[in-house]
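A short write-up of the structure that comes next.
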Amino acid sequence: MNSRVADRIATSVFVAIAIVIVSVLVGLFSYILFNGVSHISLDFLTNPSSNVRAGGGIRDQLFNSFYILFITMLITVPLGVGGGIYMAEYAKPGRVTNTIRTCIEVLASLPSIVIGMFGLLMFVNLTGWGYSILGGALALTVFNLPVMVRVSEDALRSVPRDQKEASLALGITHWHTIKTILLPTAFPSILTGAILASGRVFGEAAALLFTSGLSTPRLDYANWNPFVENSPLNIFRPAETLAVHIWSVNTQGLIPDVEDIANGASAVLILSVLIFNLGARIIGSLIHRKLTASK
Amino acid sequence: MEKSSLPVRERLIKSNKTRLNGEVRGRVLVTLCAIIMISATIAITIFLSTKGLQSFIKNGVSPIEFLTSTNWNPTDPESPMYGALPFIFGSFAVTMLAALVAAPLGIGGAIFMTEIAPSWGKKILQPVIELLVGIPSVVYGFIGLTVLVPFIREHVGGLGFSLLSGTIVLAIMILPTVTTIATDAMATLPKSLREGSYALGATRWQTIRKVLVPAALPSLLTAVVLGMARAFGEALAVQMVIGNTRIIPESILDPAGTLTTIITLNMGHTTYGSIENNTLWSMGLILLIMSFAFILLIRYLSSRRKI
Amino acid sequence: MNTSTLPRTAVLNREQISETSVTNKELILQVKDLDIYYGEKRAVNTISMDIEKNSITALIGPSGCGKSTFLRSINRMNDLIPGAKAKGEILYEGLNILGDNIDVVALRKEIGMVFQKPNPFPKSIYENIAHALKFSGVKKKSELDVIVEESLTKAALWDEVKDRLHKSALSLSGGQQQRLCIARTIAMKPSLMLLDEPSSALDPISNAKVEELIVELKKEYSILIVTHNMGQASRISDKTAFFLSGDLIEFDATEKIFTNPSVKKTEEYISGRFG
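Protein chains in written order, with this note's numbering: chain A, 396 to 690; chain B, 50 to 356; chain C, 4 to 278.
In structure tokens:
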């Protein structure tokens, strides 16, 4: 076969591949949004879910998803930034640092179901909490921590070196330099990374199946005292999240309008993830523009 | 701040003054974070291994039977059987098949972005890939369940719940991983490779096939292996479409089961501490070991980079 | 030597290494047999020199010959580079500052540094100067205001920025930014200032302003300046040290170096034979 002909065939194959990839995405998105958005109504978002009858909503699941995300981020962001500071500023090349890097790599590549199993072992059985929001958040922490450490470390390393040198040359200590010069400059990247990570955490289900559970007790939304049993803020209660709910309605298959519910819930999930991604991008470019415009 | 009239020795020699405390406090704080990471990794490994070995050590399940027997029947009152091979086979099968589908697509997409349409290809495909990553796995599973399974049942054959469905769903899920890393691999090839090949009169396809891909091969393999690692550990999306049987499938249209699917389904139904439950933990141990194996494989591939 | 009993302005009798200085001028820095290594590689070879108070000493020489490395060892900035080691002594007012027992943070307040590329913080002009001051204990706004104005005045920048102290420092031109960096160093009231090619990144007009400034600063501070620009060295410095490949080839009064150097290599460099 003539090499020119081969070249042309190859080119069309590659173009075809690109088209396939784009169409897969377009197909998936349109399916969800087309089928699901019609089910999103205020009722849907604010009604409690139903286990057997049609017409349930996703109120509790939606709240649980956001709340678990919030608690998870509360734990992982400080830990992640701290770890990132250590790796970027204090870690000396050597065996200990390599060990830490390996640990980060291992934590990042564990399948989420395995993390869920560890969570079951540790945060449900060992501690005696049973299914709880805290257990779920801690499992998600294992999942999210490597991401936050990497994000923070990269952000700190990309602060220009001469800033650090200027601060140290003025007689400012290393830690104070980190706190007042490096972190503020790295903040936009860390923020963007955190928002993107939130998108991932929001859609996670396998790690939560055995840690925060498949059910939610009846919640009294008027009661904001986190120490009360049926307060939505209580972190020791079981909590089914949106993603888990999609799985469980499809697997248990009891409610008659399972497809509608799942479509609607999926649409809400996807839209939330989209908003997270978009938000991260917008904030990133806003801050970038602010910093460079003043130059 | 007037220059103190203290002699130089007092001004500049370290003392136990408070300034050091701020520095020390900060250092301790971040070192703690690093330690937490190491402890978490060690804790996970130890706890899961210990629990995973329980079925062999405490309950006397034979590891050989576990790994090689295809008879999974733990609830049989007379002779419970704990052969996990169908699930092990299922996991490997669906992973390999998904990789087989995702690799050409992913690498092809990468080549499209870097060689065929370098100026605008990335601008289109990159956001597409990022969006694909953002879709949660349950949604993939759900769409697979409502669209793919009926489609296969009607137009291809079998029940719809099959190895094939699992393969397709997984392939789409790991596509972004493979594509992103393959794109990096192709993009970091030195320009001189391309220029040298074109200067000799080769066509673009010849350049890609004979020069670029072989040069990027270790990284491309890494991309595929990373995709496989993800596929091997995926639970919910696979579980919703693969059928969840306990036997080894005979054709690609037969339903199957994987390690992750049986764990997902049965963990909640079995009593904690029972033999059946313990065997599920042993399967979790297999998943953990495979994670480590994948990491080692990737490290090996990375070290063999030719450029 | 019990320095705590001597008044600070006591003239210290020491062996002079430089041939020309017979007068007992007060020394702020004495470098004795300094070697600096980056790992195995030796970047600075057994340098000895004395720096007088309130003088401007220029360090000249081709790129990569160790001038900046030498400069950075004086305020212990080389500590930041893993694998960098210094042997020998650097006596600052009689105290060897290379020791492990030295509080490097306090040292850097007394020995300030200005870098080649202006590096103001991404904060306001006021904050750039106040930041380090606040860290070292100046908390009252009135005090800060005074020092900020003082430093900017001494850096010949006050008139240009007094109406926009709270605007970002990054909105200043390159020359202004560099003068801001000088102001921020001055605010710490150092005795010795280390300038690492401070105007090489600036245009000729800003360059001239910075040079003027440096000559003014001599009255209150001692200055060590690394420069590639031989014209600059001959214009503003009292003494010049010529470095080559890590060795100190010649160290003498500027006039002598530029009109009648003693070492042949110096003469070749000055006349542009290499470099």
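Backbone N, C-alpha and C fix where the C-beta goes; we use that ideal spot for every residue, glycine too.
Just verifying my parser: in three-state terms, what is the DSSP assignment at residue i?
i	result
C/SER171	strand
C/PHE245	strand
B/GLU179	helix
A/LEU578	helix
B/VAL205	coil
C/THR60	strand
C/SER7	Low per-residue confidence applies at C/SER7: pLDDT is 45, beneath 50, and the placement is therefore not dependable, though the value from the model is reported in the following sentence. Helix, per DSSP.
A/SER445	coil
C/ARG45	strand
A/LEU628	coil
C/GLU223	coil
C/MET52	strand
B/TYR321	coil
A/ASN645	helix
A/LEU609	coil
Hey, how far is the Cα of residue i from the Cα of residue j?
i	j	result
B/LEU134	B/MET339	15 Å
C/SER82	C/LEU227	A small fix is needed here, since residue 82 of chain C is Asp in this sequence, not Ser. Approximately 19 Å, taken between the alpha carbons.
A/ASN625	A/ASP615	6 Å
B/ARG353	B/PRO267	7 Å
B/TRP254	B/GLU179	27 Å
A/SER661	A/GLU599	13 Å
C/VAL34	B/ALA272	56 Å
A/ILE416	A/SER407	14 Å
B/HIS318	A/GLU654	25 Å
C/LEU62	C/PHE245	6 Å
A/PHE429	A/ILE499	39 Å
A/ILE427	A/ILE670	15 Å
C/PHE3	C/LEU147	Only positions 4 to 278 of chain C appear in this structure, which leaves residue 3 of chain C out of reach.
If I measure Cβ to Cβ from residue i and keep anything under 6 Å in the same chain, skipping five residues before and after, which residues do I get?
i	result
B/TRP330	LYS100, GLY101
C/LYS222	none
A/ASN442	GLY452, ARG454
Would you say residue i and residue j are within 7 Å of each other, going by their C-beta atoms?
i	j	result
A/GLY679	A/THR568	no
B/GLY155	B/THR256	no
B/GLY276	B/ILE223	yes
A/SER527	A/PHE622	no
B/VAL287	B/GLY206	no
A/THR606	A/LEU540	no
B/ASN120	B/GLY132	yes
C/LEU266	C/CYS184	Residue identity differs from the one stated: residue 266 of chain C is Val in this sequence, not Leu. Taking 7 Å as the Cβ cut-off, C/VAL266 and C/CYS184 do not qualify as a contacting pair.
A/GLY478	A/VAL544	yes
C/ASN131	C/ALA172	yes
C/GLU114	C/LEU101	Position check: residue 114 of chain C holds Ile in this sequence, whereas Glu was assumed. Not closer than 7 Å, so no.
A/VAL668	A/GLY566	no
B/VAL187	A/ALA638	yes
A/SER610	A/PRO579	no
A/VAL519	A/GLY511	no
B/ALA220	B/VAL274	no
B/SER246	B/VAL262	no
B/LEU61	C/LEU110	yes
Within the continuous alpha helix (DSSP H) that includes residue i, where are the two ends?
i	result
C/SER154	144-157
C/GLU162	The question names Glu, but residue 162 of chain C in the sequence shown is Asp. From DSSP, the alpha helix (DSSP H) with C/ASP162 extends over 161-164.
A/ALA564	556-564
A/ASN459	454-480
C/MET191	Run containing C/MET191: none; DSSP gives neither H nor E here.
Could you pull out every residue in the same chain whose Cβ sits closer than 8 Å to the Cβ of residue i, ignoring the five residues on either side in sequence?
i	result
C/ILE208	GLY178
B/THR310	PHE136, GLY139, ALA284, VAL287, GLN288, ILE291, ASN293
B/LYS52	Bear in mind that a pLDDT of 48 at B/LYS52, under 50, signals an unreliable position, so the model cannot answer this.
May I ask which residues mark the beginning and end of the beta strand (DSSP E) holding residue i?
i	result
C/TYR41	30-41
C/LYS120	That residue, C/LYS120, is in no beta strand (DSSP E); it is neither H nor E in DSSP.
C/TYR129	Element bounds for C/TYR129: not the beta strand (DSSP E) but the alpha helix (DSSP H), 128-138.
C/ASP199	195-199
C/LEU251	250-256
C/ILE93	87-95
CB-CB under 7 Å to residue i, same chain, minus the five flanking residues each way: which ones, in chain order?
i	result
A/SER445	GLY451, ILE650
C/PRO264	GLU253, GLU270, ILE273
C/LEU216	ALA158, ALA159, ARG182, ILE185
How about residue i: is its Cβ closer than 6 Å to a heavy atom in the ligand NAD?
i	result
B/MET332	What this structure holds is no ligand at all, so the ligand NAD is not there to describe.
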